[in-house]
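Residues in the sequence shown are numbered consecutively from 1, following our numbering. All C-beta atoms, glycine included, are put in the ideal place defined by N, C-alpha and C. So the structure is just underneath, and the comments pick up after that.
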Amino acid sequence: MSEVIGGLFTSHVPAIGNAIARGLQDDPYWKPFFDGFHPVHEFLARERPDVAVVFYNDHGLNFFLDKMPTFAIGAAPEYWHEDEGWGIAFDRPVPGHPELSWHIIEEVVASEFDPVTCQSMAIDHAVAVPFELAWPGAEAFPVKLVPIAINTVQHPLPSPRRCFDLGRAVGRALASWHGAEKIVVFGTGGLSHQLEGGRAGHINSDYDRFCLRNLARDPEALLQHDSLDIVELAGSQGVEILNWIAARGALTGSVRELASNYHVPISNTAAATVLLENSATVHA
Ligand code: DHB
Ligand code: FE
Numbered sequence: 001m002s003e004v005i006g007g008l009f010t011s012h013v014p015a016i017g018n019a020i021a022r023g024l025q026d027d028p029y030w031k032p033f034f035d036g037f038h039p040v041h042e043f044l045a046r047e048r049p050d051v052a053v054v055f056y057n058d059h060g061l062n063f064f065l066d067k068m069p070t071f072a073i074g075a076a077p078e079y080w081h082e083d084e085g086w087g088i089a090f091d092r093p094v095p096g097h098p099e100l101s102w103h104i105i106e107e108v109v110a111s112e113f114d115p116v117t118c119q120s121m122a123i124d125h126a127v128a129v130p131f132e133l134a135w136p137g138a139e140a141f142p143v144k145l146v147p148i149a150i151n152t153v154q155h156p157l158p159s160p161r162r163c164f165d166l167g168r169a170v171g172r173a174l175a176s177w178h179g180a181e182k183i184v185v186f187g188t189g190g191l192s193h194q195l196e197g198g199r200a201g202h203i204n205s206d207y208d209r210f211c212l213r214n215l216a217r218d219p220e221a222l223l224q225h226d227s228l229d230i231v232e233l234a235g236s237q238g239v240e241i242l243n244w245i246a247a248r249g250a251l252t253g254s255v256r257e258l259a260s261n262y263h264v265p266i267s268n269t270a271a272a273t274v275l276l277e278n279s280a281t282v283h284a
């Protein structure tokens, strides 16, 4: 009887890792962001999930511009953090869950998706920072990881609808999984930000708040903009909201917002944290 208990949606700015490493959680610059994680810690301590399915984007670590899968699913026994060096250092790998990964892969392919399957895969700040935020100071992460990478970097990008439908297919796969695990879904990145070019530093709080307002109760509202619209609205990296959209799609039960936090800026980014509960997806 597996169960999808909910979703954690968070920015993955690498400077957060640096702030964690330096113990700056109560520093005035960082406190409004880190305070948003108290309800997350209570939820995870109460629910104790066994598995995290993480929708994120790879930042040139596994896939560079010369070879860019639209969707890639990890099926490795373990995942090492091999980021470019700033942020937190991991001295242990995150354990994988190859059996569940292959079940998800089988099911999404049966739903007409064509992911790249990765039996070895490294993780970057888009997984490591959210994990450190969720389980601060953990000796070892208490979950097994299934990473699902979405191309938010190299155009053409997948559409929001396609990402949401991928999430739906992953949600169906989790519902048909024979295991007994409690599963938490992560969507990482966003919200609005642009790191380069003439619009570097671009933030659009109106669009961010529109996403935050609708994520739990009407996620299809986020599908009205195509990916290029989102680049225009939220910035060239703000399109990382595609990871959130896919993760929201994977919550197929009745969804309730438990916490939401928005703080501008962290580094160049409008930082946000949302915790959603997903109930009634208990499967015999
Ligand atoms: C920043 C944000 C990101 O999403 C990222 O991947 C790297 C850096 C930033 O705002 O500094
Ligand atoms: Fe990013």
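Worksheet entry | Residue from 214, 62, 136, 99 with nearest C-alpha to residue 120 | 62
Item to complete: May I ask you to report which of helix, strand or coil DSSP gives residue 281?
Response: Note that residue 281 scores a pLDDT of 48, beneath 50, so its modelled location is shaky and nothing firm can be said.
Worksheet item: Which of helix, strand or coil does DSSP assign to residue 14?
Response: helix
Worksheet item: How big is the Cα-Cα spacing for residue 186 and residue 198?
Response: 31 Å
Item to complete: Locate the alpha helix (DSSP H) running through residue 128, then write down its first and last residues.
Response: 125-134
Worksheet item: Quick one: is residue 101 buried, meaning 16 or more other Cβ sit within 10 Å of its Cβ, or exposed?
Response: buried
Worksheet item: For residue 141, which of 51, 47, 7, 211 has the nearest alpha-carbon?
Response: 51
Item to complete: Evaluate residue 37 with the Cβ neighbour count: other Cβ atoms within 10 Å of its Cβ, from every protein chain shown; 16 or more gives buried, anything less gives exposed.
Response: buried
Worksheet entry | Contacts around residue 18, its chain only, beta-carbon distance under 7 Å, and the 5 residues preceding and following it disregarded | 86, 87
Fill in: Cross-strand partners of residue 188 (DSSP beta bridge)
10
Worksheet entry | Coil, strand or helix - residue 71 by DSSP | strand
Discussion item. If I follow the unbroken alpha helix (DSSP H) through residue 46, where does it start and stop?
Written reply: 38-47
Discussion item. Comparing C-alpha positions only, which one of 95, 247, 71 sits nearest to residue 109?
Written reply: 71
Worksheet item: What first and last residue would you give for the beta strand (DSSP E) that runs through residue 55?
Response: 51-56
Worksheet item: Hey, how far is the Cα of residue 193 from the Cα of residue 237?
Response: 5 Å
Item to complete: Spell out a yes or no on whether the segment 145-157 and the segment 201-216 are touching, meaning 3 or more CB-CB pairs, one atom from each, closer than 8 Å.
Response: no
Item to complete: Taking the CB atoms as reference points, tell me whether residue 44 and residue 255 lie closer together than 9 Å.
Response: no
Worksheet item: Expressed to the nearest angstrom, what Euclidean distance is found between the alpha-carbon atoms of residue 269 and residue 146?
Response: 26 Å
Practice prompt. Return yes when the C-beta of residue 269 is under 8 Å from any heavy atom of ligand 1, and no when it is not.
Written response: yes
Fill in: Proximity of residue 94 and residue 78 at Cβ, strictly below 9 Å
yes
Worksheet entry | Check whether residue 49 and residue 16 have beta carbons under 9 Å apart | no
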